[in-house]
Amino acid sequence: MKFLDCCGKTCPIPVIETKNFIETEKPTELEVTVDNEISCENVRRFLVSQDFTVTVENKENLFAVRGLKKLGETPVVSEGIKRVLVFVSGETIGQGSDELGGILMRSFLYTLKELKPIPWRIIFVNSGVKLAAEGSPYIDTLNELAAQGTDIASCGTCLDYFEIKDKLRAGRVSNMYEIESSFLEATNVIRP
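As structure tokens, this is what we get:
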């Protein structure tokens with residue numbers, strides 16, 4: 008087993024170092040140590056995306072994320088899959104009247120439920136993360152989209168900045184590596 012210590016490193020460094028470690032060392036079995044839950048979840052999710060079977064052990068806020076490479080063929084991604092990514096970087100749409108921008112955002116998010124196909128992923132960054140947090144009038148709409156299969160992800164650094172990570176009510180916490188990778192995986196990007 009190969010070991011990687013990412014303690015004391017902030018998002019997205021643990022994921023990037025894990026990626027680089029896998030590319031250079033090509034381990035079939037590895038353990039990544041991190042010291043916070045968000046990094047643990049981000050590394051876990053990344054390892055799963057790289058065809059590892061993952062287990063996590065928490066000992067006094069030190070997380071050992073262990074991965075075992077799955078043997079066999081790498082799954083082939085179908086060329087016909089349409090992946091629509093919605094990237095939301097603020098609480099309103101457009102410039103000028105914030106009141107009007109809020110009305111437009113409400114209509115925009117509500118209308119996403121009616122699209123076919125529904126968005127593959129919605130990413131919230133900067134003040135846009137507030138739309139997925141406690142007190143937002145959009146929580147029900149976002150959770151309906153999630154129930155239909157849309158992945159709702161909010162930037163962890165942004166949630167920390169606004170001190171609302173514990174108030175996230177729709178979706179999950181993400182990181183910059185995953186956010187940037189989403190742009191590459193998407194067939195279309197919508198930015199309201």
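Just add 7 to wherever you are in the sequence shown, counting from 1, and you've got my numbering. Note that the Cβ used here is the ideal one computed from N, Cα and C, for glycine as well.
Just verifying my parser: in three-state terms, what is the DSSP assignment at residue i?
i      : result
Thr40  : strand
Ile130 : strand
Ile285 : Because the chain here runs from 8 to 199, residue 285 falls outside it and cannot be looked at.
Arg73  : strand
Cys162 : strand
Leu78  : coil
Asp12  : strand
Ala139 : helix
Only counting the same chain, and skipping five residues up and downstream in sequence, which positions put a Cβ closer than 6 Å to that of residue i?
i      : result
Ser134 : Gly97, Glu98
Cα separation between residue i and residue j?
i      : j      : result
Ala193 : Arg113 : 24 Å
Ile125 : Ser181 : 20 Å
Thr40  : Gln57  : 18 Å
Gly3   : Gly109 : Not covered by the structure: residue 3. The range shown for the chain is 8 to 199.
Asn68  : Leu122 : 42 Å
Pro19  : Leu111 : 32 Å
Ser188 : Leu107 : 32 Å
Glu24  : Asp173 : 26 Å
Ile100 : Cys14  : 39 Å
Tyr184 : Ile45  : 13 Å
Phe28  : Asp12  : 11 Å
Asp42  : Asn65  : 9 Å
Asp167 : Glu30  : 30 Å
Ile88  : Asp105 : 36 Å
Tyr117 : Arg90  : 19 Å
With a Cβ-Cβ cutoff of 8 Å, do residue i and residue j count as a contact?
i      : j      : result
Arg128 : Asp147 : no
Lys76  : Thr35  : yes
Ile171 : Lys120 : no
Phe10  : Glu38  : yes
Val50  : Pro21  : yes
Pro199 : Phe131 : no
Gly142 : Ala160 : no
Cys162 : Ile186 : yes
Kindly give me the distance between the Cβ atoms of residue i and residue j, rounded to whole angstroms, as I take these residues to be in contact under 8 Å.
i      : j      : result
Lys26  : Phe70  : Actually they do not touch by this definition, with Cβ atoms about 18 Å apart.
Arg176 : Ala140 : 6 Å
Once the 5 residues before and after residue i are set aside, which same chain residues still bring their CB inside 7 Å of it?
i      : result
Val196 : Leu92, Phe94, Phe190
Thr62  : Arg73
Cys47  : Val41, Val63, Phe70, Val72
Ordered along the chain, which non-local residues of its own chain (more than five positions away) have a Cβ less than 8 Å from that of residue i?
i      : result
Pro144 : Arg113
Would the beta-carbon of residue i be found less than 7 Å away from any heavy atom of the ligand ZN?
i      : result
Tyr184 : Among the components modelled here there is no ligand, and therefore nothing to report on the ligand ZN.
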